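Written out below as C-alpha cells is the structure these notes cover.
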Amino acid sequence: MAAPREVQNVAAVSAAPELIARRNKRHVEELEVAQRSNYAEAKGADMGTGLAGNRSRTTLADECNKGRKKSTAHVRSILLYRKNLNTIIEQEGLGSLPSHVPSYLTAAAPESVIEARKLCSVCGYWGHYRCARCAEPYCDLGCKATHTETRCERRIV
C-alpha cells in the first residue's frame, strides 16, 4: 500500500508548480490593484492653513478647480483599474489567434514612401546642410560648430 501513496505524492508534486504559478500571479495582480488604489498626500498638506505664505503659493488654476465637481465613481474606477497593453493582450488571448487575423500583435504599417526628414542633429530644426566627416545634418554655422566640437563621430562617409 505504500506504492499508491508515492504515486499520489508524485502527482501532488508535479501539480504544485502550476498551483504556485497561479497563486503567485493572483498575488501579483492583487498587489498591483492595491498599489493603484493607494494615493499620495498633497505636497502642501502638512502646512498649516490660513497663513499668508500659503495664500501666495496658490495658483489661479487651483482656485478655478475648487468649484468643479468631484469625479464620478465610474471615472474613478476607470482610473483605478486601468490595464496596460500587455495585460489586455494576455487576457483577450490575442497571442493564440491565427496570424491572418488582425490584432495588436500582427498590426504593422507599410514602409513610408516619403523620404525621412533631415533634422539638425544639434537643435532639431530642418537640417539643410550635412557634416563632411560624418554626414549628420545641421541647420546653421552655430549648430555646425557645436556638432564639430562635441558630437561629430568623425566617421568618413
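In my numbering, the protein residues as written are -18 to 138.
Glycine residues also receive a C-beta, built at the ideal position from the N, C-alpha and C atoms.
These numbers were taken from a predicted model, which means no experiment stands behind them.
Residue i, DSSP secondary structure in three states
i           : result
residue 101 : coil
residue 114 : coil
residue 129 : helix
residue -9  : At residue -9, the pLDDT of 47 sits below 50, so the modelled position is not reliable; the number obtained from the coordinates is stated separately. Of the three classes helix, strand and coil, the one that applies to residue -9 here is helix, per DSSP.
residue -3  : helix
residue 81  : coil
residue 18  : helix
residue 9   : helix
residue 2   : helix
Residue i - partner residues in DSSP beta bridges
i           : result
residue 119 : 110
Boundaries of the alpha helix (DSSP H) in which residue i is found, first to last residue
i          : result
residue 71 : 66 to 73
residue 54 : 54 to 61
Neighbourhood of residue i by C-beta distance below 6 Å, restricted to the same chain and skipping five residues each side
i           : result
residue 121 : none
residue 117 : 102
residue 223 : Coverage of the chain is limited to positions -18 through 138, which leaves residue 223 absent and any answer about it impossible.
residue 78  : 84
Proximal residues to residue i (C-beta, below 8 Å), its chain only, five neighbours per side dropped
i          : result
residue 5  : none
residue 62 : 14 and 17
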